[in-house]
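Peer 1: Numbering (the numbering used here), first residue to last: 152 to 285.
Don't be surprised by glycine CBs; every beta carbon is placed ideally from N, CA and C.
First, the structure itself, so that you have it in front of you.
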C-alpha cells in the first residue's frame, strides 16, 4: 500500500539535508571542510567512472586526463589571469566538455579493449600537452 505524502516528505527531507549541508561548513574547522571537499570531488569523479564501467561495461582510463584539464584550467586562470574562483569552475567544466566531445565523438565507435587503449592514450598525452601551459 503506497504511503500518502511520499513526495512531500521526500522534498522536506531533501530541504533539511540541504540546510544542514549549507550550515555545516560554518561549524567545522577549515581542515575538516577541506577534507569533505576533497571527498566530494573524488566522489563526483568516481560517479562518472561508475556510469561508464558499472552500467555500460566499458573500460575508460582517461578520466584522470579530464580531471587534469579542469585542474590546470582552474589553476592557470586563478594564478596567471587573476580571475575569481567562482568563474574558473564553470570555465574549466566547459573546457572539459569541449575536449571530451572532441575526443569522445570519434571514440563512440570503439568498445572493449580498443576504447581502453584510446582513453589510455589520452591519459598519456594530456600531461605532456599540459607541460606547455605551465
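Considering residue 228, what are the terminal residues of the alpha helix (DSSP H) in which it resides?
Peer 2: Its alpha helix (DSSP H) spans residues 214-230.
Peer 1: Can you tell me which of the three DSSP states residue 286 falls into?
Peer 2: The chain is shown from 152 up to 285; residue 286 falls before or after that span and cannot be answered.
Peer 1: To the nearest angstrom, report how far apart residue 272 and residue 256 are at their CA atoms.
Peer 2: Near 15 Å, if we compare the C-alpha coordinates of residue 256 and residue 272.
Peer 1: Using the C-alpha atoms, what's the distance from residue 158 back to residue 166?
Peer 2: Their Cα atoms are separated by approximately 12 Å.
Peer 1: Go to residue 265, then tell me how far its alpha helix (DSSP H) extends in each direction, as first and last residue.
Peer 2: It spans 264-281 - the alpha helix (DSSP H) in which residue 265 sits, taken as one unbroken run.
Peer 1: Looking only at C-alpha atoms, which of 253, 226, 249, 183 sits nearest to residue 240?
Peer 2: Selected option, being the one with the closest Cα: 226.
Peer 1: Verify whether the separation of the beta carbon atoms of residue 216 and residue 228 is less than 9 Å.
Peer 2: No, they are not a contact pair.
Peer 1: Check whether the segment 195-211 touches the segment 261-268, counting contact only when three or more Cβ pairs, one atom from each stretch, lie closer than 8 Å.
Peer 2: Taking 8 Å as the limit for Cβ pairs, the verdict is that the segment 261-268 does touch the segment 195-211.
Peer 1: Quick one, are the C-beta atoms of residue 223 and residue 284 less than 9 Å apart?
Peer 2: Cβ distance < 9 Å, so residue 223 and residue 284 count as in contact.
Peer 1: Consult DSSP for residue 251 and reduce its assignment to one of helix, strand or coil.
Peer 2: If DSSP states are grouped into helix, strand and coil, residue 251 belongs with the helices.
Peer 1: Keeping to the same chain, check which residues put their C-beta closer than 6 Å to that of residue 174; ignore five residues upstream and five downstream.
Peer 2: Closer than 6 Å at the Cβ level, and outside the excluded window around residue 174, lies no residue.
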